[in-house]
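Peer 1: Protein sequences appear in the order of chains A, B and C. Last residue of the first sequence: 419 in numbering that gives the first Met the number 0, with the numbers rising by one and none dropped. Last residue of the second sequence: 405 in numbering that gives the first Met the number 0, with the numbers rising by one and none dropped. Last residue of the third sequence: 313 in numbering that gives the first Met the number 0, with the numbers rising by one and none dropped.
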Amino acid sequence: MKLLDIALKDMTRHFRSAFGLVMMFVAPLLVTGLIALAFGGLAGDGGFSLPQTRVVVADQDEGGDAGFRAGGLLLDAMNDPDMASYMVVSTAADPAAARQAVELREADVAVIIPPDLSAAVTTHDGSAVVEIVHDPTLTLGPGLVKAVVDGVVDAFNGARIATHVTAAQLAEQGLPGDRVVGQVAMRYAEWVQAQGAERDRGEYAAIAIQPPPGVADDVSLGARIIGTIAVGMVLFFVFFTAASTAESIVREDEEGTLARLFTTPTSRSTILAGKLLAVGLTLIVQTIVLILLARLIFGISWGRPLAVTMVLLGTIVAAAGFGVCVMSFVQNTRQSGPVMGGVLTVSAMLGGLMTTGIPNLPAALTTVTLFTPHGWALHAWKLAMEGAAAGALVAPLLVLLGYGAALFGVGVIRFRRRFA
Amino acid sequence: MRVLDIALKDLLQIVRDRQTILFTIAMPIVFTVFFGLIFRPGGDGSEARLPVGVVDGDAGGALSAVVVEMLEASGAVEPVAVPLDEEGRAADDVARGRLTALLVLPPGFTEAALLGGDPQVRLVTDVADSTGHGARTLIERAVLRALSAARVAQLSAEAAEGVRPFADAAARDAYLRDALRRGVAAWRDVPVEVTMREARVAAEPDSPPAGGFAQSSPGMIVQFSIYGLMTAAGALVLERKVGALQRLLTTPASRAEIVAGKVLAMFVMVFVQQAILVGFGQVAFGVDYMHAPLGTLLVMVALALWATSMGLLIGAVAREQSQVVMYSLVAMFVLASLGGAWFPLEITGRTFATIGHLLPTAWAMDGFQNIVLRGLGLASVVTPVLVLAGYAVVFFGLAVWRLRFE
Amino acid sequence: MSSQAISIRDLHKHFGDIHAVQGISLDVQQGEIFSLLGPNGAGKTTAISILSCLLEPTQGDALVMGHSVTRESAAVRAVIGVVPQDVALYPDLTARENLLFWGKMYGLRGRPLAARVDEVLETIGLTDRQKGRVDTFSGGMKRRVNIGVALLHRPQVIYMDEPTVGIDPQSRRNILDSVKELNRQGMTVLYTTHYMEEAEELSDYIAIMDHGKVIAYGTHPELVRIVGEQDRITLTTSGDYDGLLDRWRRLDGVSRVSTEGEDTVTLLATDGNIILPRVFEEATRAGVRIASVQVQEPNLEAVFLHLTGRALRD
Chain A
0 MKLLDIALKD MTRHFRSAFG LVMMFVAPLL VTGLIALAFG GLAGDGGFSL PQTRVVVADQ
60 DEGGDAGFRA GGLLLDAMND PDMASYMVVS TAADPAAARQ AVELREADVA VIIPPDLSAA
120 VTTHDGSAVV EIVHDPTLTL GPGLVKAVVD GVVDAFNGAR IATHVTAAQL AEQGLPGDRV
180 VGQVAMRYAE WVQAQGAERD RGEYAAIAIQ PPPGVADDVS LGARIIGTIA VGMVLFFVFF
240 TAASTAESIV REDEEGTLAR LFTTPTSRST ILAGKLLAVG LTLIVQTIVL ILLARLIFGI
300 SWGRPLAVTM VLLGTIVAAA GFGVCVMSFV QNTRQSGPVM GGVLTVSAML GGLMTTGIPN
360 LPAALTTVTL FTPHGWALHA WKLAMEGAAA GALVAPLLVL LGYGAALFGV GVIRFRRRFA
Chain B
0 MRVLDIALKD LLQIVRDRQT ILFTIAMPIV FTVFFGLIFR PGGDGSEARL PVGVVDGDAG
60 GALSAVVVEM LEASGAVEPV AVPLDEEGRA ADDVARGRLT ALLVLPPGFT EAALLGGDPQ
120 VRLVTDVADS TGHGARTLIE RAVLRALSAA RVAQLSAEAA EGVRPFADAA ARDAYLRDAL
180 RRGVAAWRDV PVEVTMREAR VAAEPDSPPA GGFAQSSPGM IVQFSIYGLM TAAGALVLER
240 KVGALQRLLT TPASRAEIVA GKVLAMFVMV FVQQAILVGF GQVAFGVDYM HAPLGTLLVM
300 VALALWATSM GLLIGAVARE QSQVVMYSLV AMFVLASLGG AWFPLEITGR TFATIGHLLP
360 TAWAMDGFQN IVLRGLGLAS VVTPVLVLAG YAVVFFGLAV WRLRFE
Chain C
0 MSSQAISIRD LHKHFGDIHA VQGISLDVQQ GEIFSLLGPN GAGKTTAISI LSCLLEPTQG
60 DALVMGHSVT RESAAVRAVI GVVPQDVALY PDLTARENLL FWGKMYGLRG RPLAARVDEV
120 LETIGLTDRQ KGRVDTFSGG MKRRVNIGVA LLHRPQVIYM DEPTVGIDPQ SRRNILDSVK
180 ELNRQGMTVL YTTHYMEEAE ELSDYIAIMD HGKVIAYGTH PELVRIVGEQ DRITLTTSGD
240 YDGLLDRWRR LDGVSRVSTE GEDTVTLLAT DGNIILPRVF EEATRAGVRI ASVQVQEPNL
300 EAVFLHLTGR ALRD
């Protein structure tokens with residue numbers, strides 16, 4: 000059939016060009032690999048290796064009774080060998096020097112221990128503030144340092160509270176408390192240490208951690224993270240390819256071969272239909288190859304076969320419609336470059352394809368994504384990857400088909416008006 | 000001067016192409032807003048709080064109140080009350096990423112903690128998920144605090160018992176609960192506090208953090224400087240294809256003059272684009288570029304130089320418009336992501352962050368961020384500027400070597 | 000009627016304010032080579048586009064092998080072959096692939112198609128380059144494939160729109176010879192050009208077009224007779240020749256004097272040999288030096304010049 004001849008001719012041209020092949024297959028896999036490398040490496044062990052945080056401590060603590068130095072204890076905790084892979088600790092003479100070290104980027108985090116720390120811990124009315132100052136571009140390293148400091152400070156606070164409550168209650172009863180109060184502090188400290196030790200061993204009894212339902216344990220973490228990212232990138236380049244294939248209509252118009260086709264006995268409808276068919280067929284080949292390769296290279300599990308088929312179908316229809324619609328507004332190939340780059344990137348961004356690796360996005364963004372076919376495609380893929388059954392995918396599939404048909408319709412109408 | 004004539008002609012062609020203008024100016028602005036809102040929506044304190052579901056089976060228990068209160072007060076986590084019978088749905092939400100975690104406080108939690116049972120809460124979370132890490136730490140602290148309030152009560156009762164035994168179980172119980180009440184109250188007003196803030200030179204000590212735009216604005220400037228070249232490189236390729244470039248060679252203009260003219264045009268375009276975005280960032284989002292105007296200017300010049308060298312290289316190597324698009328887009332993706340323009344390099348692994356700093360884009364980000372985030376001055380941009388200039392020299396060399404006029 | 004390949008009746012085509020074709024009427028008999036001769040912008044390509052069913056006429060109609068271009072477009076397209084002015088081929092496909100594809104568009108299939116492609120490749124002399132990508136071909140070779148595509152379905156009528164523009168003399172010679180050969184095999188050829196020599200060499204009939212109208216029509220001898228077998232004298236002068244032109248016009252035997260540029264004058268005269276001395280005399284009397292002289296016996300350029308006052312080639 001002439002329809003098929005035209006479609007196959009277009010596909011031959013597209014698959015022969017280096018540009019076509021790069022944008023269809025190489026680029027999405029490359030970018031996925033890169034970003035996957037960013038978020039935890041391909042080792043798939045889930046290990047998250049932060050760069051070592053450089054901490055500078057200014058310990059001004061004047062100490063308390065009987066040689067008790069809270070500041071020293073805090074410093075010891077940070078110098079603990081277990082912490083060595085996460086922080087490297089140095090000391091500064093005074094708070095100004097510590098802050099300056101961070102400002103000059105010689106250190107990432109400054110911990111400033113006030114002179115009255117020990118006093119606050121040991122006396123009834125004392126209070127103190129431990130100040131942490133960090134490089135504005137960092138969040139995780141400082142967070143870690145704060146967690147360590149918090150832990151020690153909480154221990155101090157708890158001991159103080161323990162003695163305070165005990166003493167207060169005893170006083171109310173009219174009982175002497177001096178002897179026992181010191182013991183209380185020690186016993187509390189022991190308890191806190193024991194809790195800490197349990198946590199460090201990973202056996203904290205007070206909190207039982209359960210994985211969320213459906214989170215497949217057999218799929219490595221690396222594959223799971225990469226899977227989400229891969230979806231975003233695959234979808235971006237699928238939509239790109241749709242537009243790129245549809246561009247052939249504009250290009251042939253420029254090359255003069257479209258006009259020549261019109262002088263043959265083949266009807267214009269057939270010609271147009273053949274070129275549109277090429278878009279669909281190219282996308283089918285691209286998506287199937289990409290998901291197979293992604294599975295092979297990155298170990299991504301896409302979901303149950305029927306679910307995946309449905310999602311593929313919806314994606315192809317929606318993307319084809321999108322590509323055809325966008326190209327119907329383009330006058331010549333000089334325009335099509337920036338249009339493809341621009342429209343595609345913006346719509347991909349709005350559809351959430353660039354931010355798939357980031358969880359807990361603002362709800363507003365999630366709503367916006369559902370105005371784009373990209374967003375719905377992403378949503379459908381995520382469902383499939385979570386192991387959803389075919390039934391759950393019926394609604395997204397219908398939406399995608401609807402989007403695709405509508406966009407396709409607009410594009411076809413415009414092209415017909417232009418050529419037929 | 001012929002160089003100026005050539006540059007002006009090129010600029011005229013660029014400016015005439017309205018779509019280019021749209022995509023070179025409008026798009027970066029849109030992206031800046033978008034990414035700024037994603038990472039830290041504004042510096043007014045309304046930060047993205049991670050939602051954590053809480054099933055309070057111990058309703059009314061003093062300790063569960065301690066836990067929830069502490070989560071609330073943290074500002075980093077948003078506790079979402081989940082009714083008992085919706086625990087399953089909430090767990091699914093965790094799987095879907097709609098909730099960072101689900102904390103289930105069992106019935107009798109307070110009693111168990113107080114009376115020496117084995118108090119145990121359940122936390123449904125994906126341990127491997129790095130973003131949930133902060134929430135988990137916070138929850139652990141909150142639970143520990145609750146347990147410690149119970150422990151304080153126990154210790155006080157035991158201490159009192161050591162001084163004088165209680166009349167009966169009821170008296171002990173009353174004493175215990177009183178101690179718990181005091182302990183809980185005391186934890187609300189701790190003696191030692193820990194504060195954390197960003198180091199910002201020349202900023203008010205209490206000024207709010209710079210906000211997400213201080214990351215996204217320079218990030219988008221860096222990324223789109225590459226995107227802008229797509230047009231410039233495309234124009235070069237087109238000129239070569241139609242033979243106009245070759246024709247230039249038949250005029251008295253020398254090769255050097257022609258290349259210089261084109262470089263000048265590209266540079267002006269990228270620089271103007273940057274200037275508009277910097278101005279926009281300063282005025283609309285309060286990103287403080289003008290804090291060190293000379294420093295900002297130097298970084299802009301260095302970035303424009305490097306971007307121009309990239310554009311020339313792409314224009315020299317590409318044969319077709321489609322190749323220009325391909326090289327530019329792939330370069331943009333790679334350089335922007337690895338360079339820290341999309342997300343801070345810190346949140347990536349060690350390897351990635353190291354590789355990233357080999358790239359010129361990371362240095363450009365450093366230059367800008369030293370000024371807008373760290374509040375540093377002119378001296379801080381010297382190294383980034385030198386690195387960018389070095390890269391520019393290398394790329395120019397490659398481009399001139401590969402440039403064909405026909 | 001039955002022997003007419005093409006019959007054009009009062010054809011008009013307006014593009015907004017531009018009247019590209021203004022009421023042309025022509026007949027082309029089957030088996031003829033018919034040329035449309037005219038400068039760029041005369042409306043030749045527009046006329047061909049209408050006859051190829053690419054454009055709808057604003058007014059009027061044309062019949063190709065008895066089928067109306069406005070109402071029976073599909074039937075028309077089945078019997079015509081079109082060789083467009085600009086090469087319209089797929090540069091990234093080979094010559095053979097191009098021919099196979101276009102053959103399919105004309106309804107050929109399978110073994111008959113393959114055989115026909117082999118024949119056409121033979122005809123255009125590219126059998127041993129058939130596996131080469133078209134974008135690696137020279138201009139002349141591309142044009143040959145361009146023609147080949149139009150021949151696949153053995154059309155009864157073939158339109159060739161300026162097929163020899165910008166190619167080397169060897170390829171041009173090949174194309175002109177193949178046009179004659181095709182015609183010998185029975186094909187009707189409608190050939191547009193602005194090269195007078197081609198029109199003279201190939202055509203049975205010639206129609207001269209200018210500004211959308213047919214300003215003259217006939218065989219070569221008939222057309223040349225319009226200028227009355229007048230010679231064409233082209234002079235370049237130095238100096239100001241105002242006034243001189245009128246004197247020349249009044250010379251006995253001179254029918255037309257026109258200028259081209261600042262220093263070129265063209266005269267049409269009955270006998271160049273007799274007129275020339277007098278032309279020189281007048282020039283000397285006016286103090287104008289004549290730098291060069293060229294005498295050209297009557298041809299189509301002269302006809303065009305006579306009819307329009309302008310040169311055929313601009």
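Note that the Cβ used here is the ideal one computed from N, Cα and C, for glycine as well.
Can you tell me the Cα-Cα spacing of B:Asp205 and B:Leu372, whole angstroms?
Peer 2: Here the model assigns B:Asp205 a pLDDT of 48, short of 50, so the residue's position is not dependable and the matter cannot be decided.
Peer 1: In chain A, which residues lie with their C-beta within 8 Å of the C-beta of B:Asp117?
Peer 2: Neighbours of B:Asp117 on chain A, chain order: Ala204.
Peer 1: Just list the alpha helix (DSSP H) runs in the stretch 84 to 118 of chain C, keeping only unbroken ones of 4 residues or longer that don't cross its boundaries, in chain order.
Peer 2: With a minimum length of 4 residues, the continuous alpha helix (DSSP H) runs that stay inside the stretch 84 to 118 of chain C are 94 to 104.
Peer 1: Please state the DSSP three-state secondary structure of C:Phe390.
Peer 2: Here chain C has residues from 0 to 313 only, and residue 390 of chain C is not among them.
Peer 1: Is B:Gly366 buried or exposed, if buried means 16 or more other CB atoms sit within 10 Å of its CB?
Peer 2: The residue is buried, with at least 16 neighbouring Cβ atoms inside 10 Å.
Peer 1: Are A:Glu246 and A:Met326 close, meaning C-beta to C-beta below 8 Å?
Peer 2: For A:Glu246 and A:Met326, yes; Cβs fall inside 8 Å.
Peer 1: When burial is assigned at 16 or more other CB atoms within 10 Å of the CB, is A:Phe14 buried or exposed?
Peer 2: The residue in question, A:Phe14, is exposed, as its Cβ has fewer than 16 Cβ neighbours within 10 Å.
Peer 1: Using a Cβ-Cβ cutoff of less than 6 Å, which residues in the same chain neighbour A:Gly46 once the five nearest sequence positions on both sides are dropped?
Peer 2: Any answer about A:Gly46 is weak, because its pLDDT of 46 lies below 50 and its placement is not dependable; what the coordinates show is given next. Excluding positions up to five away in sequence, the list is empty.
Peer 1: On the DSSP letters alone, give me the boundaries of the alpha helix (DSSP H) that B:Val258 sits inside.
Peer 2: 254 to 284 is the span of the alpha helix (DSSP H), which, as asked, contains B:Val258.
Peer 1: At least one CB of chain B closer than 8 Å to the CB of A:Ser126: is that the case?
Peer 2: Cβ-Cβ to chain B under 8 Å: yes for A:Ser126.
Peer 1: Would you mind telling me which residues of chain A sit closer than 8 Å to C:Leu92, beta carbon to beta carbon, in chain order?
Peer 2: Per Cβ cutoff of 8 Å: Lys8, Thr11, Arg12.
Peer 1: Please classify A:His123: is it buried, with 16 or more other beta-carbons within 10 angstroms of its beta-carbon, or exposed?
Peer 2: Counting Cβ neighbours within 10 Å, A:His123 comes out exposed, since fewer than 16 surround it.
Peer 1: By a C-beta neighbour count over all protein chains shown, 10 Å radius and 16 as the cutoff for buried, is A:Met22 buried or exposed?
Peer 2: The residue in question, A:Met22, is buried, as its Cβ has 16 or more Cβ neighbours within 10 Å.
Peer 1: List the endpoints of the continuous beta strand (DSSP E) containing C:Ser257.
Peer 2: First-last of the beta strand (DSSP E) with C:Ser257: 253 to 259.
Peer 1: Is DSSP giving B:Asp188 helix, strand or coil here?
Peer 2: Three-state DSSP puts B:Asp188 in coil, outside helix and strand.
Peer 1: From B:Val286 to B:Gly294, what does the alpha carbon distance come to, in whole angstroms?
Peer 2: Rounded to whole angstroms, B:Val286 to B:Gly294 spans 14 Å at the Cα level.
Peer 1: Which residue marks the beginning of the beta strand (DSSP E) containing C:Ile322, and which one marks its end?
Peer 2: It is not possible to answer for residue 322 of chain C, since the shown part of chain C is limited to 0 through 313.
Peer 1: Spell out whether any CB of chain C is found under 8 Å from the CB atom of A:Thr262.
Peer 2: Yes, A:Thr262 counts as interfacial toward chain C.
Peer 1: Taking A:Val132 as part of the beta strand (DSSP E), name the residues at either end of that continuous run.
Peer 2: A:Val132 -> beta strand (DSSP E) spans 127 to 133.
Peer 1: Is the beta carbon of A:Val183 less than 8 Å from the beta carbon of A:Ala161?
Peer 2: For A:Val183 and A:Ala161, yes; Cβs fall inside 8 Å.
Peer 1: So B:Asp177 contacts chain A; which residues on that side make the cut at Cβ distance below 8 Å?
Peer 2: Under the 8 Å cutoff, chain A gives Gln168.
Peer 1: Let me confirm a value: C:Glu330 is counted as buried when at least 16 other C-beta atoms fall within 10 Å, else exposed. Which label applies?
Peer 2: Outside the shown range of chain C, which is 0 to 313, sits residue 330 of chain C, and nothing can be said about it.
Peer 1: So the beta strand (DSSP E) B:Gln121 belongs to, where does it begin and stop?
Peer 2: Per the sequence shown, the amino acid found at residue 121 of chain B is Arg instead of Gln. From DSSP, the beta strand (DSSP E) with B:Arg121 extends over 120 to 123.
Peer 1: Residues of chain A with a CB under 7 Å from the CB of C:Lys12: which are they?
Peer 2: By Cβ distance, chain A contributes nothing, its closest Cβ being about 16 Å from C:Lys12, past 7 Å.
Peer 1: So, is A:Asp44 buried or exposed, given that buried needs 16 or more other C-beta atoms within 10 angstroms?
Peer 2: Unreliable placement is indicated for A:Asp44, whose pLDDT of 42 sits below 50; no coordinate value is reported for it.
Peer 1: Taking only beta-carbon positions, decide if A:Phe67 is within less than 8 Å of chain B.
Peer 2: No - not a single Cβ of chain B is within 8 Å of the one on A:Phe67.
Peer 1: Could you give the C-beta distance for B:Leu311 and B:Val384, rounded to a whole number, given that I count them as a contact under 8 Å?
Peer 2: In fact, because the Cβ distance is near 20 Å, the residues do not count as touching under 8 Å.
Peer 1: Reducing DSSP to helix, strand and coil, say where B:Gln222 ends up.
Peer 2: Reduced to three states, the DSSP call for B:Gln222 is helix.
Peer 1: What does a CB cutoff of less than 8 Å around B:Arg401 pick up in its chain, not counting 5 residues either side in sequence?
Peer 2: Contacts found: Leu312, Ala315, Val316.
Peer 1: Run the CB neighbour count on C:Leu10, radius 10 Å, all protein chains shown included, and call it buried at 16 or more, exposed below.
Peer 2: Burial call: buried.
Peer 1: So the candidates are C:Phe279, C:Thr236, C:Asp251; which of them puts its Cα closest to the Cα of C:Glu261?
Peer 2: Comparing Cα positions, the closest option is C:Thr236.
Peer 1: Run through the stretch 13 to 63 of chain C for me and flag every whole alpha helix (DSSP H) of 4 or more residues, listed as ranges in chain order.
Peer 2: Fully enclosed alpha helix (DSSP H) runs of 4 or longer: 43 to 50.
Peer 1: In chain C, which residues lie less than 7 Å from A:Glu254 when you measure between Cβ atoms?
Peer 2: Correct list: Ala87.
Peer 1: Per the contact definition of three or more C-beta pairs closer than 8 Å, is the stretch 97 to 113 of chain C in contact with the stretch 142 to 157 of chain C?
Peer 2: Yes, they touch.
Peer 1: Would a check of beta-carbon distances place C:Leu53 closer than 8 Å to chain A?
Peer 2: It does; some Cβ of chain A falls within 8 Å.
Peer 1: Please check the pair C:Lys103 and A:Lys1, which I expect to be a contact at CB under 8 Å, by giving their CB distance rounded to whole angstroms.
Peer 2: Contact flag correct, Cβ pair sits at about 6 Å.
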